Structures are given as structure tokens and as C-alpha cells.
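Novice: Position 190, counted from 1, in the sequence shown is what this note's numbering calls 344; the numbers after and before it change by one each time, with no gaps. Cβ coordinates follow ideal geometry from the N, Cα and C atoms, glycine included. All of these numbers come straight from a predicted model, not from anything done at the bench. Right, I'll just put the structure down here and ask away after.
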Amino acid sequence: MTDTTSATTPRAPSNSLSTWFATCPRGIETLLADELTALGAEVTGTTVAGVHFNGSQETAYRTILWSRLANRIIRLLTRVGGVDTGEQLRKASAGVDWAMELPDRASIAVDFHGTWKDIRHTFFGAQTVKDGIVEAMFEEGRNKPTVDGKNADLRIYAHLHNGYITLGIDLVGRSLHQRGYRPDLAHAPLKENLAAALLMRADWPARAARGESLVDPMCGSGTLLIEAALMAADIAPQSLNQEFACRHWGRHDERIWKGLWEEMEQRAIAGRRKVTARLFGRDHSPQAISAARSNAMRAGIPALIELEGASVAELTCPEGATTGLVMTNPPYGERLGELPALVPLYASLGERMKRHFGGWTLGMFTGNPDLGHRLGLRAHRQYAFRNGQLDCKLLMIDVAARERAVDEDSVAEDARSQPALSEGGQMFANRLKKNQKSLARWLKQSGTTCYRLYDADMPEYALAIDIYGRHVHVQEYTPPKSVDASQAQRRLMDALAAIPQVLGCSPNDIHIKQRTRQAGKAQYTRQDSSGQRIEVQEGDARLWVNLKDYLDTGLFLDHRPVRKLLGKEADGKRVLNLFCYTATATVHAVLGGASESVSVDMSNTYLDWGRENFKLNGISEKRHQLVRADCLKWLERSREEFDLIFLDPPTFSNSKKMEGTLDIQRDHARLIDLAMASLAPGGTLIFSNNHRRFVMDDSVSQHHVVEDLSRKLLDPDFKRRPDIHHVFRIRRASDVKG
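Written out as C-alpha cells, the structure is:
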């Protein structure tokens, strides 16, 4: 509950009976104050998420039934200062004439908020207030009220702030935002009173009175539409509810209540007949449309709303609707992975507005202003709101009037059109096209389907873009502190708008992550739990990749030539794969004819992944083992010999599963010596790492024959990053001389 003593201090009421407090979502206090005034209340002050007002009992009842914005209506009883201890709190609570407020046999619950000095726990505060109530009732010879935390007849409002305790009675019960028409919820629905506030800010009541139309192109469960219909038809928001706490209140006047209820019903009958406004809901989700239809039926206004399954890309002005309001609450993209689908969605909405809704007004409620910019339309007014914990804005946009294309050719062209890219987005698109053209011949000749298309070619667009068949994996490099975060966000969205247009892919097949400087095994840390695997082809190997759940995908594309080399050299040989990750190199070796293999890694997750890769390629674990172990310790204990060893350690690791840390620049000589001890006569060690500034220790060349293959094993898609990995063929000097 909010602090009722901050902001504007309420004036003293003429009598205690007329003192009330209405709570509401943050950001709509001024709207609520105006609404209360229209309902006959005398507003005396506002605070964060609440409004104080004076009024008669009839005014309070009318507010309960008709307020579209309030959460609760509190009958304020007292405000006492100097409450620093539990005893003072008990005395303040006992000083209220509870016998006049609480009828016999009524159950209560105390909602206590705030702490102060000796009163440090809300449970203690609630218990102490309850004790004061019991004492006051006992003094009047009344029965002790029953305490029921879940289903109380009346809830006691108790708010402690800076030594002041405010006590009152909640006359509503469940929050007024719960109208009763919405048990079927689509994803992340707006609360009903927030939806009503947005409509009021967009001046919908006046628009509805003029007979204008309302369109919600992403209507979800229909909350905006239903609230708009209730306003247009003069239907009270609480017309579906029957249970209100005020009917258990000791001062309740059933005559007043029944009179207001009958008035409410008569207004609804008359209001439905007078509605001239038209309301249209669209959504691409059949489940959302079904929920919206059911909710509209429960609200009693199904005939006022036309619902249809359709995507934003198909949005056109309803036939016969000449002017009005397009009002919508699209997804905000709270998670990075949601952005690829949302950037074109917002851009498409902007395009459809410009093409089909000239002269209309667009009201967009969003928690992501950068996405709002994708509309390509300028807001003439913005209003700040809170949706739960999110700071959001309602963008009000007057769409310029223009002639509409109505002939069939224009309609067909309109259906094929794509949202225009920004200047930066077009530059980025041109670079992607250039890269596509330069790689086309190699891709065709090699049959490669998984490759890097773009790697921060333009410094302003610091992304790595990898293609996995029809899927696109985008990694955003964290911008330096010198780059403004909002500017970096806009460039990312420019890129995400360009990618589907250039590649012809669905936004749903674009997977985005942010790549920061990694330490230890951070690249192996799970980022999501979708479990979504995609089968890809690399030469003869069939491999599983996961583009959502981990920073890395299970297939290092820059190591493609190394895997192919292992496949060529593995025929008839025993192969050892150290730090095997998902065992993709082992798969190539086995398909290349390896007689036996051992693959070693510390991660059960990735060994299981490797096992699935084996199954996909029909590889038996009887001759090809997957071993969970610290590679250094395994090498120290091993007495086996291998003809071909692949050693591909991480640049750095401080995994809890190993002792100490691994630094490849510091430790590579020891690692190589241990691996060479397991190499059979005439065998070959392929040593690889991705440390950009790696330098081979002289001691390795002194003891072994080292051939640097790094330049030779670099495919065209990584030519711009010649230092991305280092690969060496290492053999014994005695084998080479022989």
C-alpha cells in the first residue's frame, strides 16, 4: 500500500464519515482524481498510487461501482502520530470506534504495511492492530471478531509511515481491476484499470460519443477492446461482480446500494442501444482470439466487438470505418531473444498505419521506446505509466492523411511490401548483400550450410552473424563505454530489421545473444531452457546445434577446416579428442574411418550432447568412448597410445570441476608434453586454441616438430579474422627424421 502522508496532504474533512482514500496503479493518479470528481467526490489530495477525497456514503458506493481506474476504496477512520512502539500502535488501534464499523460475526484480516523504529515486521504490526481491535470491541461488550487471512468479510487497512499510523476499512474486497470477465488470459495481459487509463488518455470516451471506430491489431485477450466497449455503452466496470466488502460493513446502507445498482442496470440497457462506435480486434494467435471472444461474451458486449485472426502485416482499415483510434499494447521485448521478431513487427505496424490509416490516431503502449521508434512515425504526445514494475509510455501519434490504394494491383503490391529501412539499416543490409555475393561461389562449391556471414565488418554494427541452414544466430558484442547505450540499441534494431529482408528468413528463425568477455566456462553457462535442437549438416556429419540455450551453439564454425582435416587423417587410427565439447570433431574422425576413439570433457551436459551426435550418425559407444574427466588428470593417468590426438583447450578455465585454473598461454607447453606422451610412434597431435594473441612456447619447438597450419585452415568466411584461432600439427622429431 502506498504512503498516504506524502505528496499533497489532504484537507481535514467535515466529518470522519466522509473521508476516503482510493488506490490505483502508479502513474494514473491525476486521471483518477478527475474521474472521482466526475463521480461527485471532493478530491482533497493525491499521493503516489492514490487519491484522497471527501464524499457521502452514496458517493463512495458510486465510486466502487463506476470507477474504471481505482483498485480499492478505503474508508479512513483515524491517523495518529507518535507511534514508535508496539504498545503505542495497540493503543492507537484500540482508540477507534470499531463497534460502529464491524458487525457481529464478521471476519476480518489486517493488511499492514510499513515499518518504524520498534515495529519492524508487518506480521507483528498486523497482530498488534488486531489486538487493539479486539480490545475496543471488548470494551463495547461486543464479540471478538474472527480472523480469516484469505476470505475475510472485511479487510483492515493499516499503514505506518514516519511514526504515523493510518487505519481504515477496505470496502471493496478483491481489487476493482478484476472486473470478472477475464478468467481466460492471453500472454502478459494488461490489468483492466490500466487499460481503461490508456483509453482515457487517448480520449476514447469522447471519440466513442462521436461514433468513431477503434482497432486493436494485437488484441490478445481483448482487454483494451472490452474496456472501450464498456465505456462506449455506459456499462459500469463492476456490473459483473456481486460480492463487495461494503455489504458486510457495520455502516452499510442497503437502500442506497440497491438504488445505485438499479440505476447501473438501467444505464447499461440504455447505453447499449445508443452505441454508434465500432470496435475491431485482430490477433495472429487463434488462442488469443478465442480468449477475447469468451471474455467479450462474459462482459455482455459480444455484439459490440468484431474479432478476426490476422497478423499485423495483413492489417487494413475496416470497411466503412473512416476515422478513429488504433490502440494497441504490443510485446515489449523484455528479453533480448524476443527482439528479432519484434523489430519487424513494430516496423510493419508503422507501414500499415501510413498506408491504410491516414487521418487516424495511433495509441501505442510500450515498455521499449527504442522499439517504438521502429514505427517510423513521430509521437505528438507521450504519457508515462507503470505496467507492474516496468516503466512504460503511451505514444500518441496522429497519422498523416493520404490517398489510399484501392485497385487490385496496389493491394497486391501492398501485401508484398516490406517496411523501409533506416539509413543505417540500409547500409548494414548492403554490407550483408556484399558478403553474400563474395561467399556465394565458395558456399556452392563446398556445400557449406553453416557459416559466418558477418563479423563486425562495420564497427558501428558490432555483431557476429552466423548462418545455420535457415536459422540465423546473431551475437552482439558488448559496446565500449564510450558508445551511448541507446545508440547501440538503435543500431542493433537497424540490423535486426535488415536481416530478414536480406536473407529472406522468418524473424522467428533469428536467435540473438549478447557476447561479453568470458571467464572460465561462462560460454557453457545455460542462458535459456528451451531445449530446442536443430539438425545441421557439415560434410557427411549430421550434428545437433542449440541456438537459444547457451552462448555457444555446440558447433564452432571457425574450426570447420580442422574437423575436416581430422576426418581425412583418421582412417584406421585410434583417435583421442581432448576438451571434446560436443564431440563434433570425433564424429568427423569416426566418419573418416577412425577404428577407435576416446573423447574427454568435464561437462556431463556436453558429453550427453556428444552422445546424441553419435546416435544421429549411427556411431556405437562400444568402440568410441565418451569420458567425463579433467583432461590434465586423465592424461597424467593414461597409459594408452593414440595415432591421432586433437587437443583443443579453452583459453582460460577456472571450472569448479578441476583443480586450479587453466591459462592456455601459460600452460600449453605442459599440456602438449602430456598429450605427446600418449601419442603412438608415427602419430600426429593437432593442437588448436582461440587465444587471439597466442605465442607458441620455444620449448615446444625445441622438443618436437611444429607446423603452423593456422593460415591454411581458414575458410573464406573467417578471412577477416586471421587471428581467430591457431592450429598446429605437432609430431615427434624422431618420427620426422625416420
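Could you tell me which whole beta strand (DSSP E) segments of length 3 or greater appear in the stretch 717-766?
Specialist: 728-732, 750-755
Novice: Identify whether S367 lies in helix, strand or coil by the three-state DSSP scheme.
Specialist: strand
Novice: Tell me, please, which residues DSSP counts as bridged to S261.
Specialist: T300
Novice: For D285, which of helix, strand or coil comes out of DSSP?
Specialist: In this structure, D285 counts as helix in the three-state DSSP scheme.
Novice: Give the straight-line distance between the Cα atoms of A149 and S375, rounded to the nearest whole angstrom.
Specialist: What the structure shows of the chain is the stretch from 155 to 892, and residue 149 is not part of that stretch, so it cannot be assessed.
Novice: Name the DSSP beta bridge partners of T603, please?
Specialist: None; T603 has no bridge partner.
Novice: Between the C-alpha atoms of V729 and R669, what's the straight-line distance to the nearest angstrom?
Specialist: 33 angstroms
Novice: Is T430 helix, strand or coil by DSSP?
Specialist: In the structure shown, T430 sits in coil (DSSP, three-state: anything other than H, G, I, E or B).
Novice: Whole angstroms is fine: what's the gap from L701's alpha carbon to E473's?
Specialist: 43 angstroms
Novice: Tell me the DSSP secondary structure of Y678 in three-state form.
Specialist: Caution is warranted here: a pLDDT of 48 is assigned to Y678, below 50, making its placement in the model unreliable, and the coordinate value is therefore given only provisionally. Helix at Y678.
Novice: For K245 and G286, I'd like the C-alpha separation in whole angstroms.
Specialist: C-alpha separation (whole angstroms): 6 angstroms.
Novice: Quick check: the Cα distance between L801 and R782, rounded to an integer number of angstroms?
Specialist: 16 angstroms
Novice: Quick one: what does DSSP say P141 is sitting in, helix, strand or coil?
Specialist: Residue 141 cannot be examined here, being either before or after the span of the chain that is shown, 155 to 892.
Novice: Could you tell me the alpha carbon to alpha carbon distance between A446 and P337, rounded to whole angstroms?
Specialist: One Cα belongs to A446, the other to P337, and the distance between them is close to 10 angstroms.
Novice: Taking DSSP as the reference, what is the three-state secondary structure of Q686?
Specialist: coil
Novice: Work out the CA separation of E381 and R540 for me, nearest whole Å.
Specialist: 18 angstroms
Novice: Distance, Cα to Cα, L732 vs H625?
Specialist: Using only the alpha carbons, I get a separation of about 29 angstroms.
Novice: Going by beta-carbon coordinates alone, are W252 and E183 separated by less than 9 angstroms?
Specialist: no
Novice: Using three-state DSSP, classify N843 as helix, strand or coil.
Specialist: strand
Novice: Going by C-alpha to C-alpha distance, which of Q629, P485, G413 sits closest to A649?
Specialist: Checking every option, the nearest Cα to that of A649 belongs to Q629.
Novice: What would DSSP say about M372, mapped onto helix, strand or coil?
Specialist: coil
Novice: Which word fits A538, buried or exposed, when buried means at least 16 other C-beta atoms lie within 10 angstroms of its C-beta?
Specialist: exposed
Novice: Since I believe I262 is in contact with L325 (beta carbons under 8 angstroms), could you give me their beta-carbon distance rounded to a whole number of angstroms?
Specialist: No, L325 and I262 are not in contact; Cβ-Cβ is about 13 angstroms, not under 8 angstroms.
Novice: Beta-carbon within less than 8 angstroms of K546's beta-carbon, same chain only, minus the 5 sequence neighbours each way: which residues are those?
Specialist: In the sequence on display, residue 546 carries Cys and not Lys. Within the same chain, and ignoring the five residues on either side of C546 in sequence, the residues whose Cβ sits closer than 8 angstroms to its Cβ are Y486, F519, T520, G521, A538, F539, R540.
Novice: So Y500 packs on P484, CB below 8 angstroms; how close in whole Å?
Specialist: 7 angstroms
Novice: Skipping 5 residues on each side, what residues in its chain have a beta carbon closer than 8 angstroms to that of S832?
Specialist: Same-chain partners within the cutoff: L730, L789, S792, E794, E795, F796, I799.
Novice: Taking 9 angstroms as the cut-off, decide whether the C-beta atoms of E505 and P573 are in contact.
Specialist: yes
Novice: Rounded to a whole number of angstroms, what is the C-alpha to C-alpha distance between L620 and M830?
Specialist: The displayed chain sequence assigns Asp, not Leu, to residue 620. Roughly 35 angstroms between the two C-alpha positions.
Novice: Where do the N-terminal and C-terminal ends of the beta strand (DSSP E) with T200 fall, by residue?
Specialist: 196-201
Novice: Provide the residue(s) that pair with A620 in DSSP beta bridges, ordered along the chain.
Specialist: Just to set this straight, residue 620 is Asp in the shown sequence, not Ala. Answer is R606, H627.
Novice: In the DSSP assignment, find the unbroken beta strand (DSSP E) run with Y318 in it and report its ends.
Specialist: 318-324
Novice: Does the beta-carbon of A569 have 16 or more other beta-carbons within 10 angstroms, so that it is buried, or is it exposed?
Specialist: Any reading at A569 needs caution, since the residue's pLDDT is 46, under 50, leaving its predicted position unreliable; the model's value is listed next. With fewer than 16 Cβ atoms within 10 Å of its Cβ, A569 is classed as exposed.
Novice: With three or more beta-carbon pairs closer than 8 angstroms as the criterion, would you say the stretch 579-587 touches the stretch 385-393?
Specialist: no
Novice: With DSSP as the reference, identify every bridge partner of Y537, one or two as the case may be.
Specialist: L548
Novice: If V716 sits next to I840, beta carbons under 8 angstroms apart, how far is it from one beta carbon to the other, in whole angstroms?
Specialist: Indeed, because the Cβ distance is near 7 angstroms, the residues count as touching under 8 angstroms.
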